[in-house]
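Below is one structure, written out as structure tokens, with a few remarks after it.
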Amino acid sequence: MNILIVDFDLFYLTGGGQTFYRNIINKNPHLNFYYFTKIENFDSKRPSNAHPISYKQKFFPRNFTTYLDKISLRWVWTFLEVNNIAANISEQFPTIHFDVVEIPDYKQTGTLLRPALSNFKVKYDRIVLSMHGRTSTSIQLNWFDEDKKNPALDLPLTTLQEQMQYKTVDIRYGISKFYLDEWKQVSSLRSYYLNPFSFLTIPLPTSINPSVDLPDLNFIGRLEKLKSPEVFAEIAWWLKRSSFNKANIIGSDCYSFDGDSAKHYLQQMINHRSPEVKIYRALNQKQLTDLFSTKSITFVPSRYDTLNLVALESLLAGCPTAIGTGAGVCRFLQESLPQVPYISIDLKNIYASIDTIQSVLENYDQYRHNLVEILQSSDFDTSGLTLEEIYQSPSNHDRSTSDELDAIYHQIMGYYQNSRIAVKSTIGRAIKPLIPVEFHDSLRFYRSKFSRSKLKSVARRIISNQRFSQLLAIPLLLNNQQNVLSLPESTDAEIEYKVKRFSQLGNRFQINRAATWQELARLERLRGNDLVATTYELRIMRSQGKDIFNNLPCVIKNMNDRGFGREAVVAEAMYGSKSEEESRKTCKAILDQALERNRINHQDDENYEIFDDRRIKSDYKISVIVSLYNAASKLPQFLTALKLQTLMQKDLVEVILVDSGSPSNEYKVFQELVESLDIPIIYVRSAKRESIQSDWNRGISLSRSPYLTFLGVDETILPTCLEILSTELDGDPNLDWIQANSLMTNVDEHGTIVSDVMVYDRTDYQQDIVYLETCYLSWVGALYRRSIHRRFGYYDPSFTAAGDTEFKGRILPFIKTKAINQTLGIFWNYPEERTTQHPRAEIEDLRAWYLHRTIGGIEYAFKNREIYEAEKLFYLALGYRKSYVHHSSTDIEYACNIAKFLQIRNADSLGLDSFECVNKLINEYRLLDCLPSSHKAYNALKVIVNVSNIEKEHRQLTSSIVKLAYKVFNDNRYEQHSSFWNS
1 MNILIVDFDL
11 FYLTGGGQTF
21 YRNIINKNPH
31 LNFYYFTKIE
41 NFDSKRPSNA
51 HPISYKQKFF
61 PRNFTTYLDK
71 ISLRWVWTFL
81 EVNNIAANIS
91 EQFPTIHFDV
101 VEIPDYKQTG
111 TLLRPALSNF
121 KVKYDRIVLS
131 MHGRTSTSIQ
141 LNWFDEDKKN
151 PALDLPLTTL
161 QEQMQYKTVD
171 IRYGISKFYL
181 DEWKQVSSLR
191 SYYLNPFSFL
201 TIPLPTSINP
211 SVDLPDLNFI
221 GRLEKLKSPE
231 VFAEIAWWLK
241 RSSFNKANII
251 GSDCYSFDGD
261 SAKHYLQQMI
271 NHRSPEVKIY
281 RALNQKQLTD
291 LFSTKSITFV
301 PSRYDTLNLV
311 ALESLLAGCP
321 TAIGTGAGVC
331 RFLQESLPQV
341 PYISIDLKNI
351 YASIDTIQSV
361 LENYDQYRHN
371 LVEILQSSDF
381 DTSGLTLEEI
391 YQSPSNHDRS
401 TSDELDAIYH
411 QIMGYYQNSR
421 IAVKSTIGRA
431 IKPLIPVEFH
441 DSLRFYRSKF
451 SRSKLKSVAR
461 RIISNQRFSQ
471 LLAIPLLLNN
481 QQNVLSLPES
491 TDAEIEYKVK
501 RFSQLGNRFQ
511 INRAATWQEL
521 ARLERLRGND
531 LVATTYELRI
541 MRSQGKDIFN
551 NLPCVIKNMN
561 DRGFGREAVV
571 AEAMYGSKSE
581 EESRKTCKAI
591 LDQALERNRI
601 NHQDDENYEI
611 FDDRRIKSDY
621 KISVIVSLYN
631 AASKLPQFLT
641 ALKLQTLMQK
651 DLVEVILVDS
661 GSPSNEYKVF
671 QELVESLDIP
681 IIYVRSAKRE
691 SIQSDWNRGI
701 SLSRSPYLTF
711 LGVDETILPT
721 CLEILSTELD
731 GDPNLDWIQA
741 NSLMTNVDEH
751 GTIVSDVMVY
761 DRTDYQQDIV
771 YLETCYLSWV
781 GALYRRSIHR
791 RFGYYDPSFT
801 AAGDTEFKGR
811 ILPFIKTKAI
821 NQTLGIFWNY
831 PEERTTQHPR
841 AEIEDLRAWY
851 LHRTIGGIEY
861 AFKNREIYEA
871 EKLFYLALGY
881 RKSYVHHSST
891 DIEYACNIAK
901 FLQIRNADSL
911 GLDSFECVNK
921 LINEYRLLDC
931 LPSSHKAYNA
941 LKVIVNVSNI
951 EKEHRQLTSS
961 IVKLAYKVFN
971 DNRYEQHSSF
981 WNS
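Numbering (my numbering) for the sequence shown: 1 to 983.
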């Protein structure tokens, strides 16, 4: 029997498909197999029944661009591939009659293969589909979001091609019942099951000699996301570092359509966690077999896999194996070898596996000995259809699908034969997506001013320079602004469209923002979105340092009407005062009043709807206080992860859950979990919904510990976090608050890692930098003394979103803080929107954050401190790094207010020249946000030039240690509260 396998380099590549084919070739020496080679040497070692076909490209693109409005590029690729395949067979083996032409379904060549084989007169009996996994699933679950929308990959068409391929082939078979059942939901056409034990060589399970050596952790598989190498990195990060030797990721890289490397993404995630995890190239079969015999655990934490032969081979070799619940091999093991133990990694709660893995590491020799004994006494059922029997099954395909594919093939062949025009260069199309969209059209405007080569040189520099990018876009900005202004607004739909266009314009252009904000505020009021309108109007006041459009009366009324009375008082103090002196005194008085008002814990009561206390001791070292609202679905993973705290296992940590009148069933979930958790914990529920600050105050009153930390169920901490942080507080009685770095990572609805967002890197920490960037001091990955509240007060319950920021500003002048350079905290960024992503948070920030940035706020912070400390912060504001980015930022507004405060304190060490420099800067920045009605382009360019000159002037005045970074759009005014609301 002659079988043609439409795949490449079977005895060179190490993927799952190639491994499968090598196995069936070796297991069936009486069958002749033919396959294609691209990079595999023709004289490579292979069985005598394996025959290579040298693949040579014979069909090339011939200006198919002309026809892309008629036929998809993906169909063109498929057409070229099947023709090259058929042409090579016809040329090299013209006389062979193939009994079977087999296609793996991770390719879609089966769609057009039948007409191509006929066209080149290749003789065959039937086409068979070997089912391993869908390309569309790989695209959907991979690292590269851009691939999902890439018209060249055409995800919807790929899915359609997979379905058409399934229907057009004569026979279908697979080695995974899990995957075959998936296809039964798509088509009623029959598929056959090939038992993996019928082609796998069952290895002799290998024991190892007991030793004190630590086991290695080995992830094995391609680096694509559905194999979940990032989950392995996360698990390795959470395990006790002293319990294993090395953590290795072993597998081949994969790439996006544009050539981006999965390894690059993965390495970044590793660097955010544990740089000790190393990535190595894929191993061949012998090397893998040798690896399974070492003291190690194999990890295949797949979020999706139709089977996973590596997991099976590792386990059968006697190597402890951890398998993700998304792998089809889990079902196979449950049905075929239910007695064989393996470590299950639940992709809906990966942290539930940590204890099990830790136990295997700490009892490795015994665990492996038991595994080998079970394998040695196990029977391996090889029953079922043989490969030959499957090949000889009756043909069963959908004739109408085959006819449709035949028509597509001949349509493309007609285009190909008619094409005689040379291939047009696609360089321009490749470069265009790299150029920021805001000056695509503006390039036309400037084209007449430069030669082509000069324009290209300028464009390259502009791509990475936001200042020039924005300047080049000014003609387009002015034109678009005028166009949007003239749009009708007589209906709700028209107003909505106009708001959308203005928001798009505002997000693209950072010039003349006051006009955009003012227009958006007007439109939002027409739509009844008064809070959104208020945020835009407040932005204008902050940008200009005053109420230039007389919006304040309306803003104050709206805030009072919507329950923001205290914010209204702050707005009046900041922008409605008759003089700067009056504003300073009023702002300072508001802050002093807040300090006194919150010295009492107003939630120190026992008015609870539920009070379920499972604590045994009267005192603990640390209290973890958790506010609950709509948290039921996240609570199991949160508590599972929290239980892993090393101090929790020493009975030194209590957990305080405060249910703020939540509508979901948190208490039921708690009751289901609490016995198995077996940790000191109390659950209380207030009768009605309260702010998170009220919840925290309740937690403080219930605490039995000297140290406090606060978490949400969408946040967590590394197992050693509380132990490390409490050691810092234990070692310095004067230290009040200790902070580690934290990682924000996107997760799916189950809490499984999707991608990293950013790291809050507090390497540059000094306490006063919190006045420039509040995230430098936070709660996730932090611990502080409970005595702070007795000395300086509690959280302000009148806040609903920004109370944490306000609390820091209020107590920061009186406490000592410190940061350590370790990442110990994690934000799980679930798909739903956070409370802090709402206009109310920005309005509350007026009182929580911006009030502290006024001259009165600076006086509140520095009234009992040395002058040189304020001077140091002044210079820091001229060039500092925010914790979540790498570039340098400025905060010219804050620097100006510090300079004014120092003048009030009669401090002249800054010098009049430095004060004048920042004063000039703020005036330039305000002008850029509110350009005069005429000569906008000229005035914007003038601002950029003036800023550059001011920077040169200021460099001469300041010492070399001051990091000036006047790049305009890196100022805090562009980096905080500058994006537009989706109302």
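From the three backbone atoms N, C-alpha and C, an ideal C-beta is built for every residue, glycine too.
As for any beta strand (DSSP E) of minimum length 3 sitting wholly inside the region 574–618, the runs are 608–613, ordered along the chain. Taking C-beta atoms as the reference points, C775 and Y884 count as a pair closer than 8 Å. Scanning the region 104–191 from its first residue to its last, the whole beta strand (DSSP E) runs of 3-plus residues come out as 123–131, 171–174. In this structure, the beta-carbon distance from R599 to G793 falls below 8 Å. The secondary-structure analysis by DSSP pairs P52 across a beta bridge with Y35. Around the beta-carbon of F257, fewer than 16 other beta-carbon atoms lie within 10 Å, marking it exposed. Within the same chain, Cβ atoms closer than 6 Å to the Cβ of S395 are found at R126, D170, the five residues on either side in sequence being excluded. Beyond the five residues adjoining it in sequence on each side, L315 comes within less than 7 Å, by CB distance, of T321, V340, Y342 in the same chain, given in chain order. N741 sits in a strand when the DSSP states are folded into three classes.
Distances from the CA of A50 to each of N697, S948, I24, E582 were compared; the closest alpha carbon is that of I24.
Annotation: A782 to I717 spans about 9 Å, alpha carbon to alpha carbon. Around the beta-carbon of N483, fewer than 16 other beta-carbon atoms lie within 10 Å, marking it exposed. Counting C-beta pairs closer than 8 Å gives three or more between the region 512–529 and the region 928–939, which meets the contact rule.
When the five nearest sequence neighbours on each side are left out, the beta carbons in the same chain lying within less than 6 Å of the beta carbon of K227 are those of G221, S302, in order along the chain.
DSSP places I85 in the helix class (H, G or I) of the three-state scheme. D971 carries a strand assignment under DSSP once its states are collapsed to helix, strand and coil. For R685, there is no enclosing alpha helix (DSSP H); the enclosing beta strand (DSSP E) covers residues 681–686. In the DSSP assignment, W517 falls within the unbroken alpha helix (DSSP H) covering 513–526.
Taking all protein chains shown into account, G110 has 16 or more neighbouring C-beta atoms within 10 Å of its C-beta and is therefore buried.
Take Y67, set aside five residues on each side of it, and the residues of its chain with a beta-carbon closer than 7 Å to its own are Y415, in chain order. Excluding residues up to 5 positions away in sequence, F502, Y536 lie with their Cβ nearer than 6 Å to the Cβ of L520 in the same chain. A distance below 7 Å between beta-carbons, with the five flanking residues on each side excluded, links F79 to the following residues of its chain, in chain order: L112, Y409, I412. Distance from the CA of Y620 to the CA of D764, rounded to the nearest whole angstrom, comes to 33 Å. The C-beta separation of S207 from V372 comes to about 5 Å, placing the pair in contact by the 8 Å criterion. In the three-state DSSP reduction, S383 falls in the coil class, being neither helix nor strand. Annotation for F8: the continuous beta strand (DSSP E) segment containing it runs 2–8. Only residues of its own chain outside the window of five on either side were considered, and among them M541, S583, C587, L846, Y850, L851, T854 have a CB closer than 8 Å to the CB of M574, listed in chain order. V82 counts as buried, since no fewer than 16 other beta carbons sit within 10 angstroms of its beta carbon. With the rule of 3 Cβ pairs closer than 8 Å, the region 628–647 counts as touching the region 350–365. It is roughly 42 Å from the alpha-carbon of F969 to the alpha-carbon of I700. Exposed is the label assigned to L487, since fewer than 16 other Cβ atoms lie within 10 Å of its Cβ.
Counting only runs of at least 3 residues, the region 251–309 fully encloses the following beta strand (DSSP E) elements, listed from N- to C-terminal order: 278–280, 296–300.
The beta-carbon distance between P797 and N697, rounded to whole angstroms, is 6 Å. This is short enough to meet the 8 Å contact definition. A distance below 8 Å separates the beta carbons of N972 and S889. In the same chain as R704, and ignoring 5 residues on each side of it, the C-beta atoms closer than 8 Å to its own belong to R615, K617, S618, D619, Y620, S623, E654, in chain order. Distance check between Q185 and each of T201, N195, Y166, P203 places Y166 closest, using alpha-carbon atoms only.
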